[in-house]
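Participant: Read in order, the letters of the first sequence are residues 303 to 1126 in my numbering.
Below: one structure in C-alpha cells.
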Amino acid sequence: MNGYDDDPYEGAVSLSQRAMAGLRGSAPDADYLEGLNEAQRAAVEALDGPVLMLAGAGTGKTKALTTRIAHLIRTGRAHPGQILAVTFTNKAAREMKERIARVLGEVEGMPWLGTFHSVCVKLLRRHAELVGLRSNFTILDTDDQIRLLKQLILAANMDEKRWPARQLAGLIDGWKNRALTPDRVRGGETAHFNNRGSELYAAYQDRLKTLNAVDFGDLLLHMVVIFQAHPDLLAEYQRRFRYILVDEYQDTNTAQYLWLRLLAQAHRNICCVGDDDQSIYGWRGAEVGNILRFEKDFPGAKVIRLEQNYRSTEHILAAASVLISANEGRLGKTLWTATKGGEKLRLIGHWDGEEEARWIGEEIEALKRGTRGLDPIGLDDQAILVRASHQMRAFEDRFLTIGLPYRVIGGPRFYERLEIRDAMAYFRLAVSPEDDLAFERVVNTPKRGLGDKAQARIQVLARELGLSLYDAARRMVAAGEIGGKAGAQLRLFVENIARWHAAVQGASPATAVSPADDDDALIELDEGAVPPANDHSHIRLAEEILEESGYVEMWVNDKTPEAPGRVENLKELVKALEQFENLQGFLEHVALVMDNDSGEGEAKVSIMTLHAAKGLEFPAVFLPGWEDGLFPSQRAMDETGKKGLEEERRLAYVGITRAEEICTISFAGNRRVYGQWQSQLPSRFIDELPARHVEVLTPPGLYGGGFGAAGNVGGFGGGFGGGFGGRDDGLETRAAKADVYNSPGWKRLQERASAPPRARPTTVRTVDSVAFGVGDRVFHQKFGYGEVIDLDGDTAAVEFDKAGSKHVKAGFLKPAVGLDDVPF
DNA sequence: GAGTGACCTGACTTT
DNA sequence: CAGGTCACTC
C-alpha cells in the first residue's frame, strides 16, 4: 500500500467531503482567521496563484503560513495530501506540524510537510531506478564523502596534499547546489581542481551509483534530473501537489529553486515566504536572487509584506533596522512595532574571552533573579548566540564551574562522534553487507590484524570480480587465502556480518523490502520514529552487534581519559533505538535529522550558533564575540568580499532580532586564537549601531587588565578609540563609547596599566605594522613573553620571563597583548 | 602490523 | 589547540 500508487483523488473524496461539511456548518468555524492583522490575513486568503510573502523578523510568518494551510483545507481547496509544504530545518517542520494540528485537530490529516531533503528522499526512494539506484540506497555523510573522494584523487595519481579531498567536495557540492550534473559543468569550471574537477566529479558519481549511495546534494539533484527527463511523472506530481508552500525562500539554492519551479509551473499555486535580510546561507549555495526574481518567474504574483513586529521592543528593533540598512540591494522593509519603551540594546566590552563568559554567567543569574526592576527571566528564556561553535567552549567551562545549567544546541553533534560513527557502520553492515564504505571503516576496528596489505588484497579481488568488499572477503576466507591470526579474525568478522544480516531480515522482512512502501512516512516526513509498540528485537540485535564485534570491549579496555565517555555514548545510542521500529528506520533518521535536542528536564540556558538560532526567539539574548575577524568572520570577508560582509551583517541582524526584551552585545579585547593570545578590535558592526538605542554598560574592571595596556603597543586601544563613528550616528556612538572610558573601573585599569610611566622608546621597529620599542612587552614564539631591553638594527635584546635574556631577530617578536603582558 | 612521537596545517556557519 | 600524516621503531 502506498499513497503514490493510489489515485491521489480517491482518498480525497471523503476527506474533502468532511472538509466541506465542516465548512458548511460553520461561518464561526473560521475563527482560526481571527487575530490576524491585515497583511497576514491577505496572505492567508490569497489562495490561488503565486504569492510572495515578505516577512520580516518576528512578524508572524509561521502563523500566516500555518493558517494558510488550514484555510486551504477548510475551504475545500485541497485535502491535506494535495498540499506540499517545505522548510529548511527539521525544527521548523516540527513546529509547523504542531501548529497546524492545533488549528485543525487531528481529523483531517496532515499535508506533505518536511525539509527539502526529507521530501526528496521519499520521492527518490520511489523512483530510484530512474537514476540507476535501488530504493534502499544509503545516504552518505560528509565523512564518507571525503573518504571516497580521497580514494578517487589517489586513483587519479594526484597528490592529495596539494589537492585536498575537502576542496573537491566543496566544488562538487557547489555544482550540485546549482543542479549541475558532471556533463553540465561548463566552460572554465571544468578546469578547476587541476583541470580534472569535472572528470573526478563524474568518477565520483559513478562510484556512488556502484555503491548504491547518494550524498546530500544528490537528493535534490537526482529529483531535478528525474523530473526533467520524465515529464509524465512530473505531471503526476504537479497534479498531486496542487498547492505548494515554501518557508525561508531566501535560503533556497538553484537546485531547490528548479525543483520548486518544475512542480509549480503548471498550476502556479505557490506561496513563498522569505526575508532577504535573513539570508545567511549564501556559503552553502543559497541564492538570495531567487527571492528577488520571484515576480519575474511568476508574473502577476501577489507580493505581501508583513512588517509589524510582535517580538522585540522598540529599541532592539530600531538597532537591528539601522544595522541592516547598511546593506545594499535589499528589497527593503519598514518594520515597526506597537510596543514602546523597553530596554535599550546593551553593549559591553571585556578584557578577554574568559572575562566575557564570567560576566555573562553572572548577568544570566541576575536576570533570572530579576534585576533593575525587570521581571525575572527564567533560564529557558535566555540564550547565548555565537558566531562559531568553538566560542561555546568558554561558556561551557564557565557554566560548569558555577553550576549554571545549559544546553548546547547544534554544537559538536552526537552522531558525528567517532564511536557513534563506528557503531553506525556496524549497523549499516548488518542492514546491507555490501556497504563498502562501512566495511572499510570497521574491518580493522577493533584491530583484527588486517592492515593495509590485507585490505588491499580484498580491494583488488573485489574490483577484479566486481564484488562488494564483504563478498570478496568471504571468498578469501573460504579459499583460506589469508592465513594465521588475521585470517581467523576475518572469518569471524564476515560470519558475524552474515548472522547479523540474517537477523535484520528475519526481524522485519516487510520493511526490509522497501522502506518507501509506507504511506505514513509520507506524512511523518521528518519523524522517522514509529511510536507503536514493537518487540525491541532490533535493540537486542544492536547490543549483540556491538558486543560480538568486540567494539564495546575495545573502548572498555582503552585507558585514555575519553574512553569511558565513549562507552556511555554507545549506551545512549542503543537507547535511542527505542524510538524506532528497526535499524533501517534509525539509520535514515540519523542521516537526515542531525539535530538531537533534549528539550526536557530542568530549565537551562541555551547556547547555539547564530545560524541555529534562526526562527527562534528569546526574552533575553546574549551576543558575545563581536570582534572583527571573528564576527564579521575574516574568512567570509576574504572569500567573498563585500558579499560576505553583507551576509555577516545579516547574521548580526538575525542575532539581534531574536531578542524580545533584552539584547546584550559584547566583545573582548583579547582572545585566544589557535591557542595563541591575540588582541581583537571591536566588530565594525558595533560602529554601525545607533547610539540612541544603545546603552553602554560599565565593564566590571575588578577582574582582568585594562584596554589601555594594549594601547601602548598599538593593539586594542588605538583601534578602539579611532574606530568609531562610521555612520550618521557616529558622534553619538562615540560619545556613548566614551562612557566606557570614563567609568571608574576602566580608569583605574588605565592608570594601573600606564604607571609607572614607561620611558619613551628610543628606537621603534615596525613589525606587522605594529610598533614596539625598548621597555615594551613582547612575545616570542619559542621563548614566550619578555621585555625589550635594547634594540640594535634587526636584533633585539629581550629579557624573557622564563627563558632569560636573549638576542633575537626583531622579526620574530610580536607585541605582547595577552594576560601575561599586564604588568601588575 | 601496530605503536609512538615529531611535525604540519587548518580553523565557521549545515540540510 | 586540534587532528591528521609521516617516519621510525618494536
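Even glycine gets a Cβ: it sits at the ideal position worked out from N, Cα and C.
Please classify N555 as buried or exposed, where buried requires at least 16 other C-beta atoms within 10 Å of its C-beta.
Facilitator: So N555 ends up on the buried side.
Participant: Are Q757 and V745 touching if we call contact CB-CB under 8 Å?
Facilitator: Cβ atoms of Q757 and V745: closer than 8 Å.
Participant: So, with DSSP's three-state summary, where would you put P1058?
Facilitator: Note that P1058 has pLDDT 30, beneath the 50 cutoff, so the model's placement of it is unreliable and no number is given.
Participant: Just verifying my parser: in three-state terms, what is the DSSP assignment at D578?
Facilitator: D578 falls in the helix class under three-state DSSP.
Participant: Could you give the distance in angstroms between the alpha-carbon of D508 and the alpha-carbon of A780?
Facilitator: Those two C-alpha atoms are separated by around 30 Å.
Participant: Starting from the C-beta of F888, find all residues in its chain whose C-beta is less than 7 Å away, skip the five residues before and the five after it, and write them out in chain order.
Facilitator: Answer for F888: L879 and F882, listed in chain order.
Participant: What residue does the beta strand (DSSP E) around A504 start on, and which one ends it?
Facilitator: Taken as a continuous stretch (DSSP letters only), A504 belongs to no beta strand (DSSP E), being part of the alpha helix (DSSP H) at G499 to L513.
Participant: Terminal residues of the continuous beta strand (DSSP E) containing E347?
Facilitator: Taken as a continuous stretch (DSSP letters only), E347 belongs to no beta strand (DSSP E), being part of the alpha helix (DSSP H) at E340 to E347.
Participant: Helix, strand or coil, according to DSSP, for Y976 in the structure here?
Facilitator: Correct three-state label for Y976: coil.
Participant: How many Å lie between L625 and L522 at the Cα?
Facilitator: Going from the Cα of L625 to the Cα of L522 covers about 35 Å.
Participant: Which residue marks the beginning of the beta strand (DSSP E) containing V688, and which one marks its end?
Facilitator: Taken as a continuous stretch (DSSP letters only), the beta strand (DSSP E) holding V688 covers Q684 to V688.
Participant: Kindly indicate which residue of F729, A865, D738 and R464 has the alpha-carbon position closest to the one of L843.
Facilitator: For L843, the nearest C-alpha among the options comes from F729.
Participant: For H532, which residues from the same chain have a beta carbon less than 7 Å from its beta carbon, with the 5 sequence-adjacent residues on both sides left out?
Facilitator: L432, listed in sequence order.
Participant: Kindly list the residues whose CB is nearer than 7 Å to the CB of D446, restricted to its own chain and excluding five residues on each side of it in sequence; keep chain order.
Facilitator: The residues are L739.
Participant: Ignoring anything shorter than 4 residues or poking outside the stretch 686 to 738, list the alpha helix (DSSP H) runs there in chain order.
Facilitator: As far as the stretch 686 to 738 is concerned, its whole alpha helix (DSSP H) runs of at least 4 residues are 694 to 704 and 720 to 733.
Participant: Leaving out five residues before and five after A905 in sequence, what residues of the same chain have Cβ atoms less than 6 Å from its Cβ?
Facilitator: Excluding sequence neighbours, A905 sits near G680, L681 and D682.
Participant: Going by beta carbon distance, what residues of the same chain come within less than 7 Å of A467, once the five residues before and after it are set aside?
Facilitator: Result list for A467: I448, L451, K452 and I455, in chain order.
Participant: Ordered along the chain, which non-local residues of its own chain (more than five positions away) have a Cβ less than 7 Å from that of A812?
Facilitator: Caution is warranted here: a pLDDT of 43 is assigned to A812, below 50, making its placement in the model unreliable, and the coordinate value is therefore given only provisionally. Nothing listed; no residue qualifies.
Participant: Using 8 Å for Cβ pairs, my map puts R973 next to Q982. What's the rounded Cβ distance?
Facilitator: 5 Å between Cβ atoms; contact.
Participant: Looking at the secondary structure, which residues open and close the beta strand (DSSP E) in which Y772 lies?
Facilitator: Where Y772 is concerned, there is no enclosing beta strand (DSSP E), although the alpha helix (DSSP H) it sits in stretches over L771 to A780.
Participant: Using only CA atoms, which one of L367, R404, L872 and I606 lies nearest to T389?
Facilitator: Measuring from the Cα of T389, the nearest candidate turns out to be L367.
Participant: C574 and M355: beta carbons closer than 8 Å?
Facilitator: Contact: yes.
Participant: Would DSSP call I385 helix, strand or coil?
Facilitator: Strand at I385.
Participant: Secondary structure at T483, three-state DSSP: helix, strand or coil?
Facilitator: T483 falls in the coil class under three-state DSSP.
Participant: So, at 6 Å on beta carbons, what are the nonlocal neighbours of R951 in its own chain, with the 5 sequence-adjacent residues on each side left out?
Facilitator: The residues are N629.
Participant: Is it right to say D578 is buried, meaning 16 or more other beta carbons lie within 10 angstroms of its own, or is it exposed?
Facilitator: Classification of D578: buried, given that the 10 Å Cβ count is 16 or more.
Participant: Spatial neighbours of A659 within its chain, please: CB distance less than 6 Å, with the 5 preceding and 5 following residues excluded, ordered by chain position.
Facilitator: Contacts found: A696, F697 and R700.
Participant: Just to confirm the assignment, what range does the beta strand (DSSP E) spanning W653 have?
Facilitator: Taken as a continuous stretch (DSSP letters only), the beta strand (DSSP E) holding W653 covers L647 to D654.
Participant: Let's see if you can read the secondary structure: which residues bound the beta strand (DSSP E) around E919?
Facilitator: Element bounds for E919: n/a, residue is neither H nor E.
Participant: Given that a residue counts as buried once 16 or more other Cβ atoms are within 10 Å of its Cβ, and exposed if not, what is F1126?
Facilitator: The predicted position of F1126 is uncertain, since its pLDDT is 18 and thus under 50; a value taken from the coordinates is nonetheless stated next. With fewer than 16 Cβ atoms within 10 Å of its Cβ, F1126 is classed as exposed.
Participant: Under 7 Å Cβ to Cβ from R632, same chain only, skipping five residues before and after it: list those, please.
Facilitator: The answer, listed in chain order, is D578 and D579.
Participant: Is T942 helix, strand or coil by DSSP?
Facilitator: Of the three classes helix, strand and coil, the one that applies to T942 here is helix, per DSSP.
Participant: So if DSSP puts G957 in a beta bridge, which residue, or which two residues, is it bridged to?
Facilitator: Note: G957 sits in no beta bridge, so no partner.
Participant: Would P352 and A685 qualify as a contact pair, given that the criterion is a beta-carbon distance under 8 Å?
Facilitator: No, the Cβ-Cβ distance between P352 and A685 is not below 8 Å.
Participant: Report buried or exposed for R868, applying the criterion of at least 16 other Cβ atoms within 10 angstroms of its Cβ.
Facilitator: Buried is the call here.
Participant: Between G753, A505, V688 and E870, which has its C-alpha nearest A954's C-alpha?
Facilitator: It is V688.
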